[in-house]
Amino acid sequence: MESIDESLKADPYNVDCYLLKAIVERAMGLSEKALSDLNSYLEVRPRDATAKAFFEGVSDNDDDPFGRIPVKYQGYSQSLKTFFKLPPQNATGTLGLAGTGFFGDSLAVCDRISDRVQFFSPMEYRELSFESPVGLVPLSLNRFVVASEKGIVFEYEENDNLFKVVRSGDLGESLESIAFLSDTRMVAALPDARKVGLYDYPSLKRISEWSPPQAGIFEPRGLAVRGASVAVSDRNGDKIFIFSWGDQNYVELAKEAPRSLLWGVGGDLLSLSDYGTMSIFSPEEDGSWKISDEIEVEEGFSMARMKDQVYIVKADGRSITALTPVPSKKKGLTKDMILYEPLLEGINEDQGTAISVRMSINGPLISYTKGQSGVLSTVWQDTMKPGRILSIQDEEGSEAIMVSGKNLHRTSDAKVLLISEEDNSLERGLRMIWEEGLPVSQLILDSSIDLSKRQISRILRFCLMNGVSISAWVTKIPSDNLILAVENTGGTVYYSNSLSRKNIFPLKTNSFLVKIFYPDTVYSSGYPSKNMLSTIADFGMISYRGWLPVWPDLL
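Going by this note's numbering, the sequence shown opens with residue 14, and the numbers climb by one from there.
Next up, the structure:
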């Protein structure tokens with residue numbers, strides 16, 4: 014960007030610089046400036062078809078990075094033993110299945126009658142002895158909370174495959190499920206008290222309680238939290254309530270014998286009944302809700318979610334149904350695509366030279382994208398060239414950048430970037446990340462920083478264009494926009510009271526490695542639009558084009 018600015022100072026009529034500047038600005042998340050510079054370029058070169066297509070790509074995909082994608086759920090059922098590739102000696106099954114949850118890549122199954130929590134992960138099975146467990150909530154990579162139906166709450170830390178008790182407390186009454194609003198606010202469903210309780214954590218001092226202002230016996234069972242929104246199932250009243258603490262308004266949804274609840278990607282609410290019917294409630298623009306889909310899962314009892322995928326465990330604890338969200342329409346499916354790290358390499362004497370390029374396709378439906386076989390073609394110097402998608406890389410990145418404010422003292426061993434709520438501070442911070450040159454794959458935002466929708470949108474655009482996941486460290490109840498940014502980049506929500514390298518989830522980059530055959534003509538023409546590498550990729554419903562401003566003879 015500095016080089017382009019210097020060039021324009023020396024020659025303000027070098028219009029090609031405006032095109033290059035727009036590409037860089039978009040990669041930095043500055044879409045408004047990118048559109049302005051693209052307009053300046055097209056005023057001089059209105060017939061440049063490549064630049065026009067780039068302009069349309071910016072306009073179509075940068076209008077609303079928070080846009081919701083309607084989805085349907087598709088999947089399959091398997092035995093737990095087959096799904097996790099466990100040896101024959103590992104027995105599966107529960108006597109009294111309660112709640113389920115994910116801790117890292119392990120599915121935790123609470124058996125309240127056998128007094129144990131079972132942990133299933135690929136080719137590994139572990140157990141934790143715990144009296145009458147009903148729910149597990151992960152706080153970070155190595156910490157989680159387990160609750161007993163008797164009201165006992167334990168926080169564990171995992172070190173070297175051993176579970177160590179960090180702290181514990183007693184609510185003083187029976188509970189059915191728990192959830193966290195932030196690292197210091199815990200919600201519990203209290204069926205005997207006929208209420209939902211809000212507690213300070215870790216003191217477990219009750220702050221407030223909620224119950225529907227209506228006649229009848231309220232029997233709270235399942236809980237699900239998304240930002241400030243709390244969903245609770247009323248099993249006796251055949252209803253689901255959605256409310257926020259401190260707000261008198263609430264939403265009431267009809268559902269027969271609802272038990273387990275889960276928020277899906279994009280704000281859908283998934284509800285599983287005692288009879289194994291999963292209903293998907295979708296929000297409408299006018300604030301109402303409708304059932305967008307229903308799925309029969311025979312004897313389905315408890316739901317859990319990892320990233321964008323949903324898992325349902327049967328009542329006997331022996332089999333699992335895996336469901337992947339599939340887009341019901343093409344519009345908005347991909348939030349953005351970026352090409353980066355072009356490398357020139359020889360293949361062999363017959364095939365000559367190729368260019369290896371990384372390509373990130375970013376959006377909320379990560380599992381769907383990875384499950385598609387891709388077709389690639391490229392255009393360079395007005396000539397179409399074949400390309401190959403060799404593999405999907407799921408490699409570990411080297412850095413997580415934490416964006417913190419007043420909670421800086423609660424971080425350690427992690428690279429921390431201080432950003433205030435001012436726009437110029439935000440731009441400076443993002444530019445610092447860019448200039449570091451590190452393969453950053455996760456940006457962790459401290460929710461105590463009050464960022465506007467515009468500011469979060471700028472961070473989201475930056476991360477979408479650079480293959481970076483946004484995660485949230487919820488030191489206070491996060492905004493809906495922050496949760497959407499996390500979902501749209503495949504990030505994680507952390508509830509731990511402190512964060513360090515050891516308890517941040519593995520840093521993954523979601524990128525494809527593609528090879529493009531080198532063009533016969535290798536001399537640059539002097540016009541960026543004539544030398545930009547244009548790549549067209551098709552993945553199922555995804556059809557997308559990306560540009561890389563590189564010249565063949567300068568690679």
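Don't be surprised by glycine CBs; every beta carbon is placed ideally from N, CA and C.
Computed from a predicted structure; not experimentally measured.
Reducing DSSP to helix, strand and coil, say where Val-499 ends up.
The answer is helix: DSSP assigns Val-499 an H, G or I state.
Could you check which residue in Gly-117, Ile-529, Trp-276, Tyr-26 has the C-alpha nearest to that of Glu-500?
Among Gly-117, Ile-529, Trp-276, Tyr-26, the Cα nearest to that of Glu-500 belongs to Trp-276.
What's the C-alpha gap between Ser-273 and Val-370?
Their Cα atoms are separated by approximately 44 Å.
According to DSSP, simplified to helix, strand and coil, what is Glu-297?
Glu-297 falls in the coil class under three-state DSSP.
Just to confirm, are Ile-529 and Gly-400 a CB contact at a threshold of 8 Å?
Yes; because the gap between Cβ atoms is below 8 Å, this pair is in contact.
Label Tyr-26 either buried or exposed according to how many other C-beta atoms from any shown protein chain fall within 10 Å of its C-beta, with 16 as the threshold for buried.
Under this definition Tyr-26 is an exposed residue.
Glu-358 by DSSP, collapsed to three states: which one?
Correct three-state label for Glu-358: strand.
What beta strand (DSSP E) runs, 3 residues minimum, are completely inside the stretch 73 to 151?
Taking only runs of at least 3 residues, the beta strand (DSSP E) segments lying wholly in the stretch 73 to 151 are 84 to 92, 110 to 116, 119 to 124, 129 to 134, 137 to 142, 146 to 151.
With DSSP as the reference, label Tyr-26 as helix, strand or coil.
Reduced to three states, the DSSP call for Tyr-26 is coil.
Rounded to whole angstroms, how far is the Cβ of Ala-62 from the Cβ of Leu-51, which I believe are closer than 8 Å?
The pair is not a contact, with the Cβ atoms about 14 Å apart (cut-off 8 Å).
For Leu-55 and Ser-49, what's the separation of their Cα atoms in angstroms?
Rounded to whole angstroms, Leu-55 to Ser-49 spans 10 Å at the Cα level.
With distance defined between alpha-carbon atoms, name the residue in Phe-518, Tyr-169, Ser-460, Ile-469 nearest to Gly-655.
It is not possible to answer for residue 655, since the shown part of the chain is limited to 14 through 568.
Between Asn-103 and the rest of its own chain, which residues show a CB-CB distance below 8 Å, the 5 nearest in sequence each way excluded?
Cβ neighbours of Asn-103 beyond the five flanking positions: Lys-94, Tyr-138.
Does Val-178 pass the burial test, meaning 16 or more other C-beta atoms within 10 Å, or should it be called exposed?
Answer is exposed; the Cβ neighbour count stays below 16.
Kindly indicate the opening and closing residues of the beta strand (DSSP E) around Gln-455.
From DSSP, the beta strand (DSSP E) with Gln-455 extends over 453 to 459.
Hey, quick one: how far does the alpha helix (DSSP H) through Thr-382 stretch, first residue to last?
Thr-382 -> alpha helix (DSSP H) spans 379 to 383.
What would DSSP say about Gly-601, mapped onto helix, strand or coil?
The requested residue 601 is not part of the displayed model; the chain covers only 14 to 568.
Taking the DSSP output, what are the residues bridged to Asn-172?
DSSP lists Leu-175 as partners of Asn-172.
On the DSSP letters alone, give me the boundaries of the alpha helix (DSSP H) that Gln-468 sits inside.
Counting along the chain, the alpha helix (DSSP H) containing Gln-468 begins and ends at 466 to 478.
For Glu-186 and Met-372, what's the separation of their Cα atoms in angstroms?
The alpha-carbon atoms of Glu-186 and Met-372 are separated by roughly 53 Å.
How far does the beta strand (DSSP E) with Asp-247 in it reach, from first residue to last?
That run of the beta strand (DSSP E) goes 242 to 247.
Considering Cα atoms alone, identify which of Ser-438, Gly-109, Glu-412, Leu-403 is closest to Gly-418.
Of the candidates Ser-438, Gly-109, Glu-412, Leu-403, the one whose C-alpha sits nearest the C-alpha of Gly-418 is Ser-438.
If you follow the beta strand (DSSP E) that Val-323 is in, where does it begin and where does it stop?
That run of the beta strand (DSSP E) goes 322 to 327.
Just to check my reading of the structure: Gly-504 and Ala-485 have Cβ atoms closer than 8 Å, yes? What is that Cβ distance to the nearest angstrom?
Yes, they are in contact, since the Cβ atoms of Gly-504 and Ala-485 sit about 7 Å apart, within 8 Å.
Skipping 5 residues on each side, what residues in its chain have a beta carbon closer than 7 Å to that of Ser-221?
Cβ within range, chain order: Leu-211, Trp-258.
Is the stretch 116 to 126 close to the stretch 314 to 327, with three or more CB pairs under 8 Å?
With a cut-off of 8 Å, the stretch 314 to 327 and the stretch 116 to 126 count as touching, because enough Cβ pairs lie within range.
Is it true that the CB of Val-130 sits closer than 8 Å to the CB of Val-150?
Not in contact: Val-150 and Val-130 (Cβ atoms no closer than 8 Å).
Helix, strand or coil for Gly-442, going by three-state DSSP, please let me know.
Correct three-state label for Gly-442: helix.
Helix, strand or coil: how does DSSP classify Arg-207 here?
It is coil, neither helix nor strand.
Does the separation of the CB atoms of Leu-517 and Ala-367 fall below 8 Å?
The question names Leu, yet the displayed sequence has Ile at residue 517. No; because the gap between Cβ atoms is not below 8 Å, this pair is not in contact.
Given a threshold of 16 other Cβ atoms within 10 Å of its Cβ, counted over all protein chains shown, does Met-136 qualify as buried or as exposed?
Answer is exposed; the Cβ neighbour count stays below 16.
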